[in-house]
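In the numbering used here, the protein residues as written are 23 to 255.
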């Protein structure tokens with residue numbers, strides 16, 4: 023990259039991490055006169071933590087990465103963001119061996135096995151469809167916009183049926199969204215920007231001036247929504 027001595031840090035907000043970091047990157051550029059560019063990158067390497075005998079996780083998670091370069095320009099792209107956490111599900115999904123909670127001691131490895139993804143209890147099936155509308159509406163209201171003003175929606179790529187239902191609930195055509203889980207599986211925090219990149223590769227947009235909305239949710243539960251005006255050529 024040639025970005026010698028550039029600062030960097032990690033944002034740990036589970037699968038909402040990339041959208042959360044996108045908001046932070048925009049705010050750095052808006053408040054730091056010396057900053058010109060911020061690279062917001064997300065990666066997901068869950069396959070190494072899968073138990074392939076566990077049908078609840080082995081057929082779901084995949085690996086992937088994606089990034090977006092934010093820069094200072096004559097037009098402001100960032101509009102607004104909104105965040106939400108539902109802490110009651112902090113213990114529903116995770117990698118429980120490793121770290122401070124259950125260190126990888128020989129005894130723990132003998133008892134619990136190596137670090138692996140585990141579903142301890144189910145999330146309600148309607149969780150995203152219940153919280154996403156109010157999460158997105160909060161971001162849009164901050165920017166003085168409505169759902170009708172949005173040209174493209176990019177959601178967490180976990181379940182196509184959820185995305186289809188959400189677009190129907192919002193009264194928006196499916197042409198306003200894009201999905202990639204059928205290509206790569208579920209790739210966690212970068213899945214949203216991977217969907218954006220795939221839409222661009224296919225010539226579907228967005229185009230200069232379009233309003234795009236990112237909406238993501240992850241374990242915890244953490245949720246993030248961010249609204250932008252596309253200014254790239």
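In this text, a Cβ means the ideal position worked out from N, Cα and C, and glycines have one as well.
Length of the line joining the Cα atoms of residue i and residue j
{"i": "residue 247", "j": "residue 165", "result": "12 Å"}
{"i": "residue 253", "j": "residue 179", "result": "24 Å"}
{"i": "residue 177", "j": "residue 27", "result": "33 Å"}
{"i": "residue 192", "j": "residue 96", "result": "32 Å"}
{"i": "residue 151", "j": "residue 202", "result": "19 Å"}
{"i": "residue 62", "j": "residue 237", "result": "16 Å"}
{"i": "residue 134", "j": "residue 204", "result": "33 Å"}
{"i": "residue 124", "j": "residue 118", "result": "6 Å"}
{"i": "residue 72", "j": "residue 169", "result": "38 Å"}
{"i": "residue 183", "j": "residue 56", "result": "44 Å"}
{"i": "residue 140", "j": "residue 153", "result": "24 Å"}
{"i": "residue 214", "j": "residue 41", "result": "8 Å"}
{"i": "residue 75", "j": "residue 188", "result": "32 Å"}
{"i": "residue 197", "j": "residue 172", "result": "12 Å"}
{"i": "residue 132", "j": "residue 89", "result": "38 Å"}
{"i": "residue 138", "j": "residue 130", "result": "13 Å"}
{"i": "residue 48", "j": "residue 60", "result": "8 Å"}
{"i": "residue 91", "j": "residue 160", "result": "25 Å"}
{"i": "residue 230", "j": "residue 30", "result": "29 Å"}
{"i": "residue 232", "j": "residue 251", "result": "6 Å"}
Assigned secondary structure, residue i (DSSP; H/G/I helix, E/B strand, else coil)
{"i": "residue 178", "result": "coil"}
{"i": "residue 67", "result": "strand"}
{"i": "residue 162", "result": "helix"}
{"i": "residue 132", "result": "helix"}
{"i": "residue 214", "result": "helix"}
{"i": "residue 57", "result": "coil"}
{"i": "residue 62", "result": "strand"}
{"i": "residue 241", "result": "coil"}
{"i": "residue 119", "result": "coil"}
{"i": "residue 233", "result": "strand"}
{"i": "residue 33", "result": "coil"}
{"i": "residue 141", "result": "strand"}
{"i": "residue 246", "result": "strand"}
{"i": "residue 183", "result": "helix"}
Per-residue burial, residue i [other beta carbons within 10 Å of its own, 16 or more giving buried]
{"i": "residue 174", "result": "buried"}
{"i": "residue 37", "result": "buried"}
{"i": "residue 128", "result": "exposed"}
{"i": "residue 126", "result": "exposed"}
{"i": "residue 45", "result": "buried"}
{"i": "residue 211", "result": "buried"}
{"i": "residue 34", "result": "exposed"}
{"i": "residue 52", "result": "exposed"}
{"i": "residue 255", "result": "exposed"}
{"i": "residue 225", "result": "exposed"}
{"i": "residue 86", "result": "buried"}
{"i": "residue 23", "result": "exposed"}
{"i": "residue 93", "result": "exposed"}
{"i": "residue 228", "result": "buried"}
Sufficient close CB pairs (3 or more, under 8 Å) joining the stretch 238 to 245 to the stretch 98 to 113: yes
Touching by the beta-carbon criterion (3+ pairs, under 8 Å), the stretch 144 to 158 and the stretch 66 to 75: no
Complete runs of the alpha helix (DSSP H) confined to the stretch 75 to 115 [at least 4 residues]: 77 to 80
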